[in-house]
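Residue numbers (mature numbering (1 follows the signal peptide of the UniProt record, and there is no 0)): -33 to -1, 1 to 126.
Every residue, glycine too, gets a C-beta built ideally from N, C-alpha and C.
Read the structure below first, then the notes.
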């Protein structure tokens, strides 16, 4: 009997030692970063030749995480009188170009269509700022096509 108890105690000790070693080798899950307050985003694109026409308007919010590597946005693009539909491009730190992540459409008075964009973006490094570029086009004079880009930049308050 005593030999049996000694063997069980030894097995328990080995099991505890293995558990402690395994726990030490497992990767530690990083704490989830918290987002700061929403910053407003607003871009209005108007024609700059011929009679002034409202072409496209972007409204919404962007927020940055306190870990400096992620941001999220929720935006609505009002397609006013642009032809064809306006485009949204998102520029991280002035060098990484992304297309807006399409989240559906809706309608509102004064807009041909409202295009919704929403995403959480994890960048490969520190996010210093995010620029929202809206490009819209129109014809003037006659069949001459023109396009114009207007931007809004949001700075990350955590760096």
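For residue 96, the residue or residues it bridges with in DSSP: Among the bridge pairs identified by DSSP, residue 96 is matched with 122.
Start-end ranges of the alpha helix (DSSP H) lying completely within the region 52 to 106, minimum 4 residues: Correct list: empty.
Cutoff 7 Å; reference residue 68; Cβ partners in own chain excluding five residues on either side: Within the same chain, residue 68 has close Cβ partners 84, 85 and 86.
Residue nearest to residue 116 in terms of C-alpha spacing, selected from 110, 123 and 101: Closest option to residue 116, Cα to Cα, is 101.
Through-space distance from residue 94 to residue 123, alpha-carbon basis: If I take the Cα positions, the gap works out to 7 Å.
Burial state of residue 14 (16 or more Cβ within 10 Å): Buried is the call here.
Reduced DSSP secondary structure (H/G/I, E/B, other) of residue 21: Looking at residue 21 - three-state DSSP - the assignment turns out to be strand.
Nearest residue (CA-CA) to residue 54, options 23, 61 and 33: Per the Cα distances, 23.
Beta-carbon proximity list for residue 72, same chain, < 7 Å, skipping 5 on both sides: Sequence-distant partners of residue 72 (beyond 5 residues in either direction) whose C-beta falls short of 7 Å from its own C-beta, in its chain, are 80, 81, 82 and 83.
Residue interval of the beta strand (DSSP E) (run including residue 43): 37 to 46 is the span of the beta strand (DSSP E), which, as asked, contains residue 43.
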